[in-house]
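Q:
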Amino acid sequence: MSRLILLNKPFGVLCQFTDEAGRATLKDYVAVPGVYAAGRLDTDSEGLLLLTDDGALQHHIADPRHKQPKTYLVQVEGEPDEAALALLRAGLDLGDFHTQPCAARRVDAPDWLWPRDPPVRFRKTVPTAWLEIVLREGKNRQVRRMTAKIGFPTLRLVRVAIGPWTLDGLQPGQWREVAPPAMPAPRVPRAAAPGASTRQSGPRGPASSSARHGAGGTGKMRRVQTGSRSKG
Numbered sequence: 001m002s003r004l005i006l007l008n009k010p011f012g013v014l015c016q017f018t019d020e021a022g023r024a025t026l027k028d029y030v031a032v033p034g035v036y037a038a039g040r041l042d043t044d045s046e047g048l049l050l051l052t053d054d055g056a057l058q059h060h061i062a063d064p065r066h067k068q069p070k071t072y073l074v075q076v077e078g079e080p081d082e083a084a085l086a087l088l089r090a091g092l093d094l095g096d097f098h099t100q101p102c103a104a105r106r107v108d109a110p111d112w113l114w115p116r117d118p119p120v121r122f123r124k125t126v127p128t129a130w131l132e133i134v135l136r137e138g139k140n141r142q143v144r145r146m147t148a149k150i151g152f153p154t155l156r157l158v159r160v161a162i163g164p165w166t167l168d169g170l171q172p173g174q175w176r177e178v179a180p181p182a183m184p185a186p187r188v189p190r191a192a193a194p195g196a197s198t199r200q201s202g203p204r205g206p207a208s209s210s211a212r213h214g215a216g217g218t219g220k221m222r223r224v225q226t227g228s229r230s231k232g
């Protein structure tokens, strides 16, 4: 059975399991063989990261064509007004690509959020504000580039949800295992009707990555596990 792990990735941890320079990686927190990240989260960002050992499930979660909404809490320098938020919602030209429309709103400072280590460096003379931004795409450093584009640099970025999965009380470095979702069954070609043409199509290309990795999770419920691993 495929496995799905929800990790609260701490600030400063690389979104990979090895690093020749000796920096902190996922291996310092998740001692589960065979799993890898479904999607990415910048080293200087925090929050929810999904890991799985199933290629089809990884593709389903990470591929933007499946449009899994990703929810971020973003602390910015300055106080965006409604006009600035409207620019975020409508989509922005970032030069190398144009962002898709998204949800963006001001929220109160989250009182449940853990203090960052190391602390955020503020300018005493400049106020800050918290935003909730929901994207259905995930380009490199997209949220930071979006807030900078409208004049409000990101100070802290925490992903709190991916689709139906949330942090739900996980502290930095903690993880839990949940039941993977039921994956759609692969399409089976229907048999040709009697007398139908048997002409073959052109040559087939190589199998997709999802096909090479197998069908994935069964959707059966499994016992939820909790755990964390401190750095050695």
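In case it helps, full-length UniProt numbering puts the sequence shown at residues 1 to 232. Note that beta-carbon positions come from the ideal geometry of N, C-alpha and C, so glycine has one too. Since the structure is predicted, the reported quantities are computational estimates derived from the model, not experimental observations.
In its own chain, which residues sit with a C-beta less than 6 Å from the C-beta of residue 158, not counting the 5 before and 5 after it?
A: 46, 47, 73
Q: Check whether the Cβ atoms of residue 52 and residue 132 sit closer than 8 Å, and answer yes or no.
A: no
Q: Just tell me which of 62, 113, 174, 97 has its CA closest to the CA of residue 142.
A: 97
Q: Around the C-beta of residue 54, are 16 or more other C-beta atoms found within 10 angstroms, so that it is buried, or is it exposed?
A: buried
Q: If you run the structure through DSSP and keep just helix, strand and coil, what is residue 25?
A: coil
Q: DSSP three-state call for residue 61: helix, strand or coil?
A: helix
Q: Between residue 4 and residue 144, what straight-line distance do the alpha-carbon atoms span, to the nearest angstrom?
A: Spanning the two alpha carbons is a distance of roughly 28 Å.
Q: Which residue wins for smallest C-alpha separation from residue 134, given the options 117, 93, 168, 164?
A: 164
Q: By the three-class DSSP mapping on this structure, what secondary structure does residue 143 have?
A: helix
Q: Label residue 122 either buried or exposed according to how many other C-beta atoms from any shown protein chain fall within 10 Å of its C-beta, with 16 as the threshold for buried.
A: exposed
Q: Helix, strand or coil for residue 89 per DSSP?
A: helix
Q: What does the alpha-carbon distance come out to for the pair residue 168 and residue 93?
A: 34 Å
Q: Helix, strand or coil for residue 82? Go by DSSP, reduced to three states.
A: helix
Q: Is the distance from the Cβ of residue 117 to the Cβ of residue 11 below 8 Å?
A: Yes, these two residues count as a Cβ contact at 8 Å.
Q: Determine the extent of the beta strand (DSSP E) in which residue 159 is found, giving its start and end residues.
A: Per DSSP, residue 159 belongs to the beta strand (DSSP E) from 154 to 162.
Q: Assuming contact is defined by CB atoms lying nearer than 8 Å, are residue 87 and residue 128 in contact in what I supplied?
A: No. Outside cutoff.
Q: Given residue 66, which residues of its chain have a CB within under 7 Å of its CB, disregarding the five upstream and five downstream residues?
A: Excluding the 5 residues flanking it on each side, residue 66 has same chain C-beta neighbours closer than 7 Å at 60, in chain order.
Q: By Cβ distance, which residues of its chain are closer than 7 Å to residue 25, with the 5 residues on each side in sequence left out?
A: The beta carbon of residue 25 lies closer than 7 Å to those of 13, 14, 16, 17, 18, 19 in the same chain, with the five residues before and after it left out.
Q: Does the beta-carbon of residue 68 have 16 or more other beta-carbons within 10 angstroms, so that it is buried, or is it exposed?
A: With 16 or more other Cβ atoms within 10 Å, it is buried.
Q: Skipping 5 residues on each side, what residues in its chain have a beta carbon closer than 7 Å to that of residue 30?
A: 5, 7, 51, 175, 229
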